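Residues 3 to 455 in my numbering are what the sequence shown lists, from first letter to last.
Notes follow the structure.
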Amino acid sequence: MDNAPKKDHSVDVARQIINREMTSRSTNKNYGEFDRREQVDVVIEMTDQNFQFKTSDGRPWVILVYQHYYDYQSNKPFLEDLFQKTGLLFGIARMQISQSPKIVEKFGIRYSPQLVVYDSKTNNHFLFNGEMKLGKVINFATRKFGADVTVVHSDEEMLKWRKQNLDKLHIILFSDLKDVPNSFLLAAAFLKYNCVFAFASINKDTIPKFPRALGSTSMEDLPTFVFYRMANPQDDTFGGPVIPIVAPMDLDSGCLAALARHFSFPVFSEVNSGNYNRLCSGRCILFCEGREIAEDIKIGANAMNIETGTINLTLEPEFKEKFDLEPGDFVFIKPKENKYARWREITTWKEFRTNIEFANKGLLTLNSTDSIPKIQRPPPKIETPKTKKIEEIERAVKNSLLDVLVKFNSIIKSLPPIAVLGGLALVLVLFGEMISRCLSPKVETPKHDKKWD
């Protein structure tokens with residue numbers, strides 16, 4: 003119950019994060035508190051020349067392909083509304099056929115105007131032929147990009163689901179609605195590489211099944227989004243810390259994406275060869291295992307925009323020697339610059355935060371090194387029912403093949419030597435005959451042409 007969400011200022015915290023993450027979001031329409039900059043056209047113009055560059059950011063794109071400019075003008079309000087609802091997940095663009103003949107041919111456009119959903123990661127595109135309404139386009143995109151939402155019915159099911167996704171950010175929507183809202187599905191579709199999503203339909207009968215996940219949350223507090231940082235949940239706890247966000251239903255997929263991005267960094271999860279390059283891509287803080295990390299440091303680092311992890315000095319002696327580390331030390335690393343700082347006897351959040359602020363302002367003295375060590379240890383193998391079944395099938399096939407070989411060997415041994423030699427001679431004769439037929443030239447029989455009769 004310690005990790006259960008507590009009623010506090012989480013709504014205000016969520017709003018502050020959304021405001022901060024979305025200040026660059028501008029639109030021709032009045033978007034209230036999120037519109038911080040000069041209003042510009044949010045619909046990007048694409049041509050054959052700039053298409054590859056514009057779509058290189060990895061986002062999916064909604065592109066309106068049109069023949070005449072008035073086709074774009076009549077659909078511009080729809081595209082702006084779509085941007086308001088999904089602007090942080092979608093790129094919104096327009097493409098005139100005369101300016102983009104190669105891309106239009108690639109998309110197989112036959113009609114104008116035509117809406118295209120383009121996945122820049124896989125280079126796949128999907129033509130939308132329905133009525134241009136927000137709900138229909140969002141549902142179409144959600145299906146095409148494969149939203150993966152797991153339905154859970156209790157604390158135990160949620161814990162099992164979390165253990166199967168240890169390297170992801172976990173987001174659970176508790177709602178008294180029967181269906182998952184569009185915004186949640188859309189976020190699940192486009193953020194599935196960084197997050198995993200679960201949905202729990204809550205009513206007065208099912209809420210007691212989530213004592214650890216919901217804590218003292220009541221039906222009046224729903225819907226509630228609960229974010230779990232990447233961690234190793236044990237059998238008797240969800241791992242932590244938990245980030246409760248009581249979210250109003252006007253939270254669109256763009257807001258969800260902003261929150262998910264903010265919390266997508268792991269908090270002191272074990273570093274291995276599978277996640278090391280991602281953790282140490284820019285700057286990171288590693289904690290040396292052997293002592294407990296103060297809980298307030300975990301919770302404080304939870305809201306910081308920096309990647310963290312833990313290393314085992316016994317398994318990674320190169321780190322120990324390179325940085326002169328001891329259990330309980332923190333090491334701040336800038337891998338691209340081959341610089342680091344060792345923090346010893348940091349036991350409070352205040353000390354930790356002070357060091358981070360100094361590092362951000364360039365006031366922290368960093369040591370130079372010729373290279374930053376690499377982690378060689380492979381990531382732990384997560385055994386799921388599917389992988390277990392595959393292994394059982396592989397084992398059964400291997401055993402069957404061994405049985406066949408043993409039986410064949412015993413049959414060969416039981417035969418008299420003359421029979422074995424005769425069999426080998428027959429095989430050689432047949433093989434030689436096949437080779438000679440393959441190598442001999444083919445003689446074609448002339449065809450009889452009735453025309454000359």
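Where is the CB? At the ideal position from N, CA and C, for every residue including glycine.
None of the values given here were measured: they were computed from a predicted structure.
Residues in the same chain with beta-carbon distance under 6 Å from residue 59, minus the five sequence neighbours each way, listed in chain order, please. Cβ neighbours of residue 59 beyond the five flanking positions: none.
Which residue marks the beginning of the alpha helix (DSSP H) containing residue 144, and which one marks its end? Looking at the DSSP string, the run of the alpha helix (DSSP H) that includes residue 144 is 136-146.
Quick check: the region 76-83 against the region 119-132, are there 3 or more CB pairs under 8 Å? Fewer than three beta-carbon pairs drawn from the region 76-83 and the region 119-132 are found closer than 8 Å, and the two stretches are therefore not classed as touching.
Beta-bridge partners of residue 328, as assigned by DSSP: In the DSSP output, where bridge partners are listed per residue, residue 328 has none listed.
Measure the C-alpha to C-alpha separation of residue 459 and residue 326 and round it to an integer number of angstroms. Given a span of 3 to 455 for the chain in the structure shown, any question on residue 459 remains unanswerable.
So does the region 195-213 actually touch the region 149-160, counting three or more Cβ pairs closer than 8 Å? yes
So if DSSP puts residue 121 in a beta bridge, which residue, or which two residues, is it bridged to? 62 and 126
Taking 7 Å as the limit between beta carbons, can you name the residues of its chain near residue 105, skipping five residues before and five after? 50, 53 and 97
Where does the unbroken beta strand (DSSP E) through residue 105 begin, and where does it stop? Per DSSP, residue 105 belongs to no beta strand (DSSP E); it is in the alpha helix (DSSP H), 103-109.
Which residue marks the beginning of the beta strand (DSSP E) containing residue 289, and which one marks its end? Where residue 289 is concerned, the enclosing beta strand (DSSP E) stretches over 286-290.
May I ask which residues mark the beginning and end of the beta strand (DSSP E) holding residue 212? Premise fails: residue 212 is in no beta strand (DSSP E) and is neither H nor E.
Continuous alpha helix (DSSP H) assignments of at least 4 residues falling wholly in the region 303-379: 319-325 and 351-362
In chain order, what residues of the same chain have a beta carbon less than 8 Å from the beta carbon of residue 439, not counting five sequence neighbours either side? none
Check the C-beta distance from residue 95 over to residue 46 and give it rounded, since I have them as a contact under 8 Å. 4 Å
To the nearest angstrom, report how far apart residue 396 and residue 402 are at their CA atoms. C-alpha separation (whole angstroms): 10 Å.
Do you know offhand how far residue 320's Cα is from residue 273's? 14 Å
Using a Cβ-Cβ cutoff of less than 7 Å, which residues in the same chain neighbour residue 190 once the five nearest sequence positions on both sides are dropped? 149, 150, 151 and 199
With a threshold of 6 Å on Cβ separation, who are the neighbours of residue 10 within its own chain once the five nearest residues in sequence on each side are excluded? Interpretation of residue 10 is limited by its pLDDT of 45, a score under 50 that renders its predicted location unreliable; no figure is taken from the coordinates.
The beta strand (DSSP E) spanning residue 97 covers which residue range? 93-98
Opposite residue 46 in the DSSP bridges: which residues? 95
How is residue 294 classed by DSSP in three states: helix, strand or coil? coil
Proximity winner among 48, 193, 377 and 281, relative to residue 275 (alpha-carbon distances): 377
Chain-order list of residues whose beta-carbon lies under 6 Å from that of residue 211 (same chain, five-residue window excluded): These residues qualify, in order along the chain: 156.
Identity of the residue in 332, 356 and 355 nearest residue 346 by Cα: 332
Helix, strand or coil at residue 440 according to DSSP, with G and I counted as helix: helix
Would you give the residue range spanned by the alpha helix (DSSP H) that residue 149 belongs to? First-last for residue 149: undefined, no H or E at that position.
Spatially closest choice to residue 184 from 257, 72, 113 and 294, by CA coordinates: 257
Could you check what DSSP says for residue 198 in three-state terms: helix, strand or coil? strand
Closest residue to residue 116 among 64, 122, 284 and 82 (Cα-Cα distance): 64
For residue 121, tell me which candidate among 379, 278 and 61 has the shortest Cα-Cα distance. 61
Among 229, 310 and 288, nearest to residue 260 - alpha-carbon criterion: 229
Look up residue 1 in the DSSP assignment and give the residues it is bridged to. The structure shown does not extend to residue 1, since the chain is modelled only from 3 through 455, so no value can be given for it.
I'd like to confirm the pairing. Which residues does DSSP put opposite residue 271 in its beta bridges? 311
Is residue 329 near residue 379, with beta carbons less than 8 Å apart? Contact flag unset, no.
On the DSSP bridge assignment, give the partners of residue 116 in chain order. 67
Can you tell me where the alpha helix (DSSP H) holding residue 161 begins and where it ends? Its alpha helix (DSSP H) spans residues 157-165.
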